[in-house]
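**Q** Quick note on the UniProt record's numbering: the sequence shown kicks off at 1 and runs consecutively.
All C-beta atoms, glycine included, are put in the ideal place defined by N, C-alpha and C.
Structure below; questions to follow.
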Amino acid sequence: MDTSTLPKIQDEERESQFGYVHGVSGPVVTATAMAGAAMYELVRVGHSELVGEIIRLEGDMATIQVYEET
């Protein structure tokens with residue numbers, strides 16, 4: 001997977017416009033405030049901007065499979 005084509009998150013955009021990590025269990029991350037997200041969407045997770053894919057949506061909570069080392 002070529003992750004270099006995904007846009008970087010600007011520092012001023014890191015808060016309030018994006019979801020919040022709720023929990024981590026191995027390579028699976030749950031995030032809240034994810035209204036507007038779509039299934040199978042590629043996302044960046046955490047300050048390290050690890051690449052992941054949304055594998056479940058329930059309300060405003062998303063379950064994300066992270067493809068890089070968590």
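So, is glycine 19 buried or exposed, given that buried needs 16 or more other C-beta atoms within 10 angstroms?
**A** With 16 or more Cβ atoms within 10 Å of its Cβ, glycine 19 is classed as buried.
**Q** Counting only the same chain and skipping the five closest in sequence on each side, list residues whose C-beta sits under 6 Å from that of alanine 35.
**A** For alanine 35, where only same-chain residues beyond five positions count, the Cβ hits under 6 Å are Asp60.
**Q** Could you tell me which residues DSSP pairs with tyrosine 67 in its beta bridges?
**A** BP columns for tyrosine 67 are empty, so no partner.
**Q** Under the assumption that glycine 52 contacts tyrosine 67 (Cβ atoms under 8 Å), give the Cβ distance between them as a whole number of angstroms.
**A** So it is a contact: roughly 6 Å between Cβ atoms.
**Q** Mind checking whether leucine 57 and glutamate 69 have CB atoms under 9 Å apart?
**A** Their beta carbons are not under 9 Å apart, which means leucine 57 does not touch glutamate 69 by this criterion.
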